[in-house]
Amino acid sequence: MNKLLEVHDLSIQAEGRRSGTPVQILDHVSFEIPQGEIVAVVGESGSGKTMSARAAMGLLPRGLNVTSGGIRFQGKELTTASTAEMRKLRGAQIGMVFQEPMVSLNPAMTIGAQLIEALRLHQPMPVAEAERRAVEMLARVQIRDPEGCLTAFPHQFSGGMRQRIMLASVMLLKPQLLIADEPTTALDTLAQREVLNLMVELTRDTGTAVMLITHNLGLVAQYADRVVVMERGKLVETGKVHEVLTAPKTDYTRKLIAALPRRELHRAPPAPADPIISARELDVSYASHGRRFTAGMPSKVVKGVSISVRPGEVVALVGGSGSGKTTLGRSMLGLVPHSGGEILFRGRPIPASRRAPEAREFRLNCQLVFQDPFSSLDPRQTVLDIVAEPLRLLSTAKRECLRQAEAMLAEVGLEGLGGRYPHQLSGGQRQRVAIARAVVRNPAFIVADEPVSALDMTVQQQVLQLFRRLQTAHGFGCLFISHDFGAVSQVSDRVIVMQAGEIVEQGTVSDVLDNPQHDYTKALLAASPTLAIAS
Amino acid sequence: MRGRLNLWIGAFLLAIILVLALTALFWTPYDPMALDLRHRFLPPGGANVLGTDEFGRDVLSRLMSGATQSLMVATFTVAFATAFGTILGLVSGYSGGMADRGLMVISDAVLAFPGTLLALALMVVMGPNVYGIILALGIAYTPSMLRVVRGAVMSVREREYVESSQVIGNSEWTTMLRHVLPNCIAPITVLATSMFGWAILAESGLSFLGLGVPPPQPTWGNMLSTARDNIDRAVWLGVFPGICISITLLGVILLGDGLRDKFDPRSEGH
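Protein sequences, first through last, are from chains A and B. When we follow the working numbering, the leftmost residue of the first sequence carries the number 106, and every step to the right adds one. When we follow the working numbering, the leftmost residue of the second sequence carries the number 164, and every step to the right adds one.
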């Protein structure tokens, strides 16, 4: 076996910023990446998987130092290489694709300029030749109109397309090793599959090895040859993918595998009742940007959608990015005005005026859980204040508010953390706070907008279980928006699939998952890696 | 730690100046306005600790008495600009639409004049007195504060916790005051502390043009500007007001930094 990258006995320490005691980021880690193979590095946030990749690129953040061992690339030691030597390797020999396609392309430069710059930096050639190769590569990653793409700017592309462009720019140099750091975490399931399929195809052609960093074991099963499991800076287990996944040797790996979403036994559907909230023939449109002085044609994001949610029922709304699912959820809460149709709350339309008593009842009874727990909590409020805030409007005494908020925090498993600020909590804990805030007023209806997609797999699992428990205990109706059938299958009673602003399929969970009718649903299901391994 | 230290050094420097200014309300070593032509240009040391000026007036007494004036002008100017700038900026950034457009047109118009020129025009109308200066400088500085607050509000407005506050059912004003304003405090503090400095210097600029606090009432600004004429004979006349201005500015900036860190929960721990 020909070793391309060899991490041997690598330790990395962070200088203690205040306490003075150094923090161990990586602890004597050894693994290798053979030529042309795809090796997945798996672990939760903070396991050191990203830092091992950054060490290989020579891009460790300031304050982090290699304290033992090293990294050999084609037999050459990287940790002691000079900056000039590293610069020659980066891009040409080792390429890297980052997690966030929104920020990894320079917004002020055209795509063409960025691709050609990188190419000519490492392989001197005439501009025309570089351009020809760039177009060729863009066509290979299935960008429509590759010539036009050269003069376009990053903001004109969707996340999935940007990630494909990023991939093109890296693979243009035919590197020996591609480091992909959570390359598809920010994308929806369909785009994720496209990008990863392209990555596998391109790297196979050039014989490039891939270091795929991910927290999603489902992806590992589907794409990788070998897997390295890491926990808190230590190597836990390594080996061939099917060996590790079918016969895990350590508890930690078993725990990761157990966190893969699998179908739960179905509970009895809630008793038929009048819907708590329903939308009839709902249209939502955004005014698009016009050219110069004329207003653009409004673009319809939601087209004549009718849905209803009964008390205590969890309805999943599934679709890729741009399917209008988030907009539909927000317009049902009155956060986005609708341009046609109507929304009925307990059988009555919601009055336009905020001051009407029905409008108040509607507001007090509807809540929203956001996707990103990092931006949905006010950084200047303590956790207890955040959870107590919705109660203020119920004209309860302050002391009673705080008591209820504390009880709610205990219910979501955050007992005694009320005095902390959001930045002192982990992502999963923050999402628990956000859920507590939504549930504390005992609302009749909650919209949960991708509540777990920003979290690690194991944490996702815990938060989903919490959500399910709260839903059973409090009995609220819920619109659960997601692109992930894995999460959907665990919590919902009914599934609605949306594509391009319209409902293409709906039914009970087992109907839709086991017997999908529409092509789009089938594509979404096929792209869901987590289900592939669970079954 | 560094923030804490800044806070204390800043508070200490300002305390010195404040004690000087407050003492001057009851007592100064000599009458700051009494002329004594026999003792002109006495160097520092001796009976007049910081020397005397071109009319034989005691520099220390004038500095103390000037501190009251300068600090008052700066404090009220900053308070004026910050209060109006913040309120208008919140409205402008949060609600957008016509209110925003209207306020932007007005603030553009005010910003188009150099601040001193605007103050000059207002002073001519108001007549040279302390209140005129405060009003003039306050109006001249309000648009800068408005702009900064508006920008900060527009970025905070898009955060999900603001949307979440609406979902909870909070009114627009509650949302603005509880969630938007506290998260805009950092740029407001930075600008307000720099404005404090601008105001002291602008007052001296106006004094120099004969439109500041009218003589013989001393301010640091007019002491500095008259010192220029005698800089070759009596360098201390310019040095001491200059030191006072520097100490005050340093104190305000350090205190502002420290307060900002102290009230930002994210600055603890890390």
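Ideal Cβ positions, reconstructed from N, Cα and C, are used throughout, including at glycine. Computed from a predicted structure; not experimentally measured.
Item to check | CB of ILE297 (chain B) within 8 Å of CB of PHE239 (chain B), strictly | outcome: Cβ distance < 8 Å, so ILE297 (chain B) and PHE239 (chain B) count as in contact.
Checklist entry - If we ignore side chains and look at the alpha-carbon of each, how far apart do LEU400 (chain B) and LEU422 (chain B) end up? => result 34 Å
Next on the checklist: Against VAL312 (chain B), what residues of chain A qualify as contacts under a CB-to-CB distance less than 8 Å, listed in chain order?
Outcome noted: None at all; the shortest Cβ gap to chain A is about 16 Å.
Checklist entry - Between the stretch 155-182 of chain A and chain B, which residues of the former have a C-beta closer than 7 Å to a C-beta of the latter? => result Listed in chain order, the positions of the stretch 155-182 of chain A with a beta carbon within less than 7 Å of a beta carbon of chain B would be empty, since no residue qualifies.
Item to check | Those runs of the alpha helix (DSSP H) which lie wholly inside the stretch 237-280 of chain A and span at least 4 residues | outcome: 251-255, 264-276
Checklist entry - Quick one, are the C-beta atoms of SER152 (chain A) and ARG337 (chain A) less than 8 Å apart? => result The beta carbons of SER152 (chain A) and ARG337 (chain A) sit closer together than 8 Å.
Checklist entry - My guess is that VAL545 (chain A) and VAL492 (chain A) are in contact by the Cβ rule of under 8 Å, so how many angstroms apart are they, rounded? => result 6 Å
Checklist entry - Considering only residues of the stretch 265-334 of chain B, which uninterrupted alpha helix (DSSP H) runs meet the minimum length of 4 residues and lie entirely inside it, listed in chain order? => result Taking only runs of at least 4 residues, the alpha helix (DSSP H) segments lying wholly in the stretch 265-334 of chain B are 278-289, 293-320, 323-331.
Next on the checklist: Quick check: is the beta carbon of TYR526 (chain A) nearer than 8 Å to any beta carbon in chain B?
Outcome noted: yes
Checklist entry - CB SER411 (chain A) to CB ALA384 (chain A), shorter than 8 Å? => result yes
Checklist entry - Given that a residue counts as buried once 16 or more other Cβ atoms are within 10 Å of its Cβ, and exposed if not, what is ALA303 (chain B)? => result The residue is buried, with at least 16 neighbouring Cβ atoms inside 10 Å.
Item to check | C-alpha gap between GLN536 (chain A) and SER135 (chain A), whole angstroms | outcome: Straight-line Cα distance between these residues: approximately 34 Å.
Checklist entry - What does a CB cutoff of less than 7 Å around LEU188 (chain B) pick up in its chain, not counting 5 residues either side in sequence? => result THR231
Next on the checklist: I need the DSSP call for LEU234 (chain B), collapsed to helix, strand or coil.
Outcome noted: Judged by DSSP in its simplified three-state form, LEU234 (chain B) adopts helix.
Next on the checklist: Assess contact between the stretch 478-496 of chain A and the stretch 323-341 of chain B, defined as three or more Cβ pairs (one per stretch) separated by less than 8 Å. Is contact present?
Outcome noted: yes
Checklist entry - If we cut at 8 Å on Cβ distances, does ASP616 (chain A) have a partner in chain B? => result no
Checklist entry - Does the beta-carbon of TRP336 (chain B) have 16 or more other beta-carbons within 10 angstroms, so that it is buried, or is it exposed? => result exposed
Item to check | Cutoff 6 Å; reference PRO456 (chain A); Cβ partners in own chain excluding five residues on either side | outcome: GLU463, ALA464
Item to check | Length-filtered (3 minimum) beta strand (DSSP E) runs lying within the stretch 418-501 of chain A | outcome: 419-423, 445-450, 471-474
Next on the checklist: Please tell me whether ARG535 (chain A) has its Cβ less than 8 Å away from any Cβ of chain B.
Outcome noted: no
Checklist entry - In the stretch 479-511 of chain A, which residues sit with their C-beta less than 7 Å from some C-beta in chain B, listed in chain order? => result SER480, SER481, LEU482, ASP483, PRO484, ARG485, GLU494, PRO495, LEU498
Checklist entry - Going by other Cβ atoms of all chains shown within 10 Å of its Cβ, with 16 needed for buried, is SER307 (chain B) buried or exposed? => result buried
Item to check | Contact with chain B by ASP286 (chain A), beta-carbon distance below 8 Å | outcome: no
Item to check | Best match in A:GLU236, A:LEU422, A:CYS471 for proximity to PHE585 (chain A) [C-alpha to C-alpha] | outcome: A:LEU422
Checklist entry - Which first and last residues belong to the beta strand (DSSP E) in which PRO139 (chain A) is found? => result 128-139
Item to check | chain A residues whose Cβ lies nearer than 8 Å to that of ASN346 (chain B) | outcome: Under the 8 Å cutoff, chain A gives ASP483, PRO484, ARG485.
Item to check | Any C-beta of chain B under 8 Å from that of LEU115 (chain A) | outcome: So, not an interface residue.
Next on the checklist: Here's the rule I'm using: 16 or more other beta-carbon atoms within 10 Å means buried, otherwise exposed. How should PRO381 (chain B) be labelled?
Outcome noted: Residue environment analysis places PRO381 (chain B) among the buried positions, since at least 16 neighbouring C-beta atoms fall within 10 angstroms of its C-beta.
Checklist entry - Exposed or buried, which one is LYS154 (chain A) when buried takes at least 16 other CB atoms within 10 Å? => result buried
Item to check | Contact set for THR343 (chain A): own chain, Cβ-Cβ below 8 Å, skip 5 residues either direction | outcome: Excluding residues up to 5 positions away in sequence, PHE136, ARG331, VAL332, VAL333, VAL334, VAL349 lie with their Cβ nearer than 8 Å to the Cβ of THR343 (chain A) in the same chain.
Next on the checklist: Residues of chain B with CB closer than 7 Å to the CB of GLN472 (chain A), please, in chain order.
Outcome noted: VAL330
Checklist entry - How about ALA559 (chain A) and GLY425 (chain A): do their beta carbons lie closer than 8 Å? => result no
Next on the checklist: Under 8 Å, Cβ to Cβ, is there at least one residue of chain A near SER258 (chain B)?
Outcome noted: no
Next on the checklist: Could you tell me the alpha carbon to alpha carbon distance between LEU168 (chain B) and PRO251 (chain A), rounded to whole angstroms?
Outcome noted: 57 Å
Item to check | the stretch 387-399 of chain B / the stretch 233-253 of chain B touching (three or more Cβ pairs under 8 Å) | outcome: no
Checklist entry - How many angstroms separate the CA atom of PRO195 (chain B) from the CA atom of ALA275 (chain B)? => result 39 Å
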